[in-house]
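A.B. asks: Residue numbering for the sequence shown follows my numbering, beginning at -12 and increasing consecutively.
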Amino acid sequence: MAKFMNTLLRTLKTIILPIIVYLAFSILSKGRFGQPAGMLTIARQSIMPIMVALAITCNMTIGMWDFSAGAVVYTAAIVGGNLALMTGTGIPGLIVILILIAVTLNTITGLLYNLFKVPSIVLTIGLMMVYEMIPTLLFKGGVLISGKMTHLALPPYCFIVFAVMFIIFYVVFNYTPFGHNVRALGSNQAIAANVGLNPATIKLVSFIFGGVFLGMAAVMDLSTKGMIRPPATMGSVSMIFDAMMGIFIAFFLQKYCNLAIGVVVGTFTMKMLNSGLVSMGLSTTVRDITTGLFLLILLCISANQGKFTEWRNNKEKARLANEKFTQANA
């Protein structure tokens, strides 16, 4: 019974954040937000950023920032989409080609990271601009697909794709030596290296593994939009913001749930937050400020969680001491 209650409490703590966001905007928007059809749309729109978030979760767990992820998605979608059309391989070809391109680009990123040993944020920003130029040089007009090629973006296929990719990530991250090594490296790289782990190899595999999810993110993005044009300089960076903020929320929630589940909950919460702000008719500037404040509050709470716990413990100790003192003098 105690175990069941503990599990129930942890589950409630995990889902309380999206519930609060949902209820808040349902009230503030006077019913414009929160309708079943609208929530289904938000769920569909969350799948692509969740894929991107899962792609960079291992990297961010280790402490690596990957700002090239959005550019990889654009390049895989445009180049791979055109190749799939040229070869006439349909949806299977679209999936395979886009994943291969994304994995190749991420492998290059991982190899260069190990070779140059520069901060990941510096390297990936540089590679982001390089990757953004590839579709511009090869297919300046972008890519356009239609008909059956876009079916993966429709229910129930989009949710089947999400379920398959989530299960793959969950199993790999929690039940394989690679996932164990990522968590060990994220906890303390020096200790992990001293016990025999190879940080360079683990980081390279992390990039390669993430490439699979970036490839599927490209598939879902292209299937949803139908047409994608090459991004402007650094235009792809906006694609990873929802994903990164979702991961920050996941790091906050991982005290109560598995990190993989936290990534899904966090990214969906951010998508719901953005949709709620739109339903209230707020300007882009106000929406950006509100989103930033929301994330800042969460990070502050997360960073000071230990202090809050210590304060509650000290308060409880003081209460018990006062009770004992009162009883002794009674």
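All residues carry an ideal CB built from backbone N, CA and C; glycine is no exception. All values reported here derive from a predicted model rather than from experimental measurement.
1. On the three-state DSSP scale, how would you describe VAL182?
2. Just to confirm the assignment, what range does the alpha helix (DSSP H) spanning CYS157 have?
3. What's the gap between the Cα of GLY202 and the Cα of ILE95?
4. Taking three-plus beta-carbon pairs below 8 Å as touching, is the segment 40 to 49 in contact with the segment 159 to 179?
5. So, is GLY18 buried or exposed, given that buried needs 16 or more other C-beta atoms within 10 angstroms?
6. Around the C-beta of GLY279, are 16 or more other C-beta atoms found within 10 angstroms, so that it is buried, or is it exposed?
7. Under three-state DSSP, which class holds VAL169?
8. Just the Cα atoms here: how many angstroms apart are GLY21 and MET214?
9. So, using beta-carbon positions, are ASP275 and MET35 closer together than 8 Å?
10. Would PHE200 and MET152 be called neighbours here (beta carbons separated by less than 8 Å)?
11. Straight-line CA distance for PRO23 to GLY268?
12. Are the beta-carbon atoms belonging to GLY253 and PHE12 less than 8 Å from one another?
13. Within the chosen definition, does the segment 182 to 191 reach the segment 117 to 132 through at least 3 CB pairs nearer than 8 Å?
14. Between the beta-carbon of ILE65 and the beta-carbon of GLY129, is there less than 8 Å?
15. Any idea what DSSP makes of VAL130, helix, strand or coil?
16. Just to check my reading of the structure: ALA140 and MET38 have Cβ atoms closer than 8 Å, yes? What is that Cβ distance to the nearest angstrom?
17. Looking at ILE43: is its Cβ nearer than 8 Å to the Cβ of GLY233?
18. Should PRO142 and ARG31 be called a contact, given that it needs their Cβ atoms to be closer than 8 Å?
19. Is the distance from the Cβ of PHE149 to the Cβ of ILE112 below 8 Å?
20. Can you tell me whether DSSP reads THR214 as helix, strand or coil?
21. Let me confirm a value: MET(-8) is counted as buried when at least 16 other C-beta atoms fall within 10 Å, else exposed. Which label applies?
22. Please classify TRP52: does DSSP put it in a helix, a strand, or coil?
23. With DSSP collapsed to three states, give me the class of THR254.
24. Taking the continuous alpha helix (DSSP H) assigned at PHE239, which residues delimit it?
25. Tell me the DSSP secondary structure of THR96 in three-state form.
26. Assuming GLY57 contacts MET226 (C-beta within less than 8 Å), just tell me the rounded distance between them.
27. Label THR256 either buried or exposed according to how many other C-beta atoms from any shown protein chain fall within 10 Å of its C-beta, with 16 as the threshold for buried.
28. Tell me which same chain residues have a C-beta within less than 7 Å of the C-beta of ASP229, skipping the five on either side of it?
29. By a C-beta neighbour count over all protein chains shown, 10 Å radius and 16 as the cutoff for buried, is VAL273 buried or exposed?
30. Can you say whether ASN168 is buried or exposed, counting buried as having 16 or more other CB atoms within 10 angstroms of its CB?
31. For my contact list, ILE248 and THR1 are in at a C-beta cut-off of 8 Å; report their separation, rounded to the angstrom.
32. Would a C-beta distance cut-off of 8 Å place ASN93 and PHE194 closer than the cut-off?
C.D. replies: This is what the structure gives:
1. Note: VAL182 maps to coil in three-state DSSP.
2. Contrary to the premise, residue 157 reads as Tyr rather than Cys in this sequence. Taken as a continuous stretch (DSSP letters only), the alpha helix (DSSP H) holding TYR157 covers 144 to 162.
3. If I take the Cα positions, the gap works out to 15 Å.
4. Touching, per the Cβ criterion.
5. Its Cβ having fewer than 16 others within 10 Å, GLY18 is exposed.
6. Of the other Cβ atoms in all chains shown, fewer than 16 fall within 10 Å of the Cβ of GLY279; this residue is therefore exposed.
7. For VAL169, the three-state secondary structure derived from DSSP is helix.
8. Rounded to whole angstroms, GLY21 to MET214 spans 29 Å at the Cα level.
9. No, the Cβ-Cβ distance between ASP275 and MET35 is not below 8 Å.
10. Yes, the pair counts as a contact, with Cβ atoms nearer than the cut-off.
11. Cα-Cα distance, rounded: 20 Å.
12. No.
13. Touching, no.
14. For the 8 Å CB-CB criterion, ILE65 and GLY129 form a contact.
15. Here VAL130 sits in strand by DSSP.
16. In fact, because the Cβ distance is near 12 Å, the residues do not count as touching under 8 Å.
17. Not a contact, by the Cβ cut-off of 8 Å.
18. Against a cut-off of 8 Å, the Cβ pair of ARG31 and PRO142 comes out as a contact.
19. Not a contact, by the Cβ cut-off of 8 Å.
20. Strictly speaking, residue 214 in this sequence is Met, with Thr absent from that position. Of the three classes helix, strand and coil, the one that applies to MET214 here is strand, per DSSP.
21. Exposure of MET(-8) is indicated by the presence of fewer than 16 other C-beta atoms within 10 angstroms of its C-beta.
22. Coil, per DSSP.
23. In the three-state reduction of the DSSP assignment, THR254 falls in the helix class, which pools H, G and I.
24. Under the DSSP assignment, PHE239 falls in the alpha helix (DSSP H) whose first and last residues are 228 to 240.
25. Correct three-state label for THR96: helix.
26. Contact holds; Cβ gap of about 3 Å.
27. Burial state of THR256 is buried, judged by a 10 Å Cβ sphere holding 16 or more other Cβ atoms.
28. In its chain, beyond the 5 residues on either side, PRO36, THR254, MET257 and LYS258 have a beta carbon closer than 7 Å to the beta carbon of ASP229.
29. By the 10 Å Cβ count, VAL273 comes out exposed.
30. By the Cβ-count criterion, ASN168 is buried, with 16 or more other Cβ atoms from all chains shown falling within 10 Å of its own Cβ.
31. With 8 Å as the limit, ILE248 and THR1 qualify as a contact, their Cβ atoms being about 7 Å apart.
32. Taking 8 Å as the cut-off, the Cβ atoms of ASN93 and PHE194 count as close.
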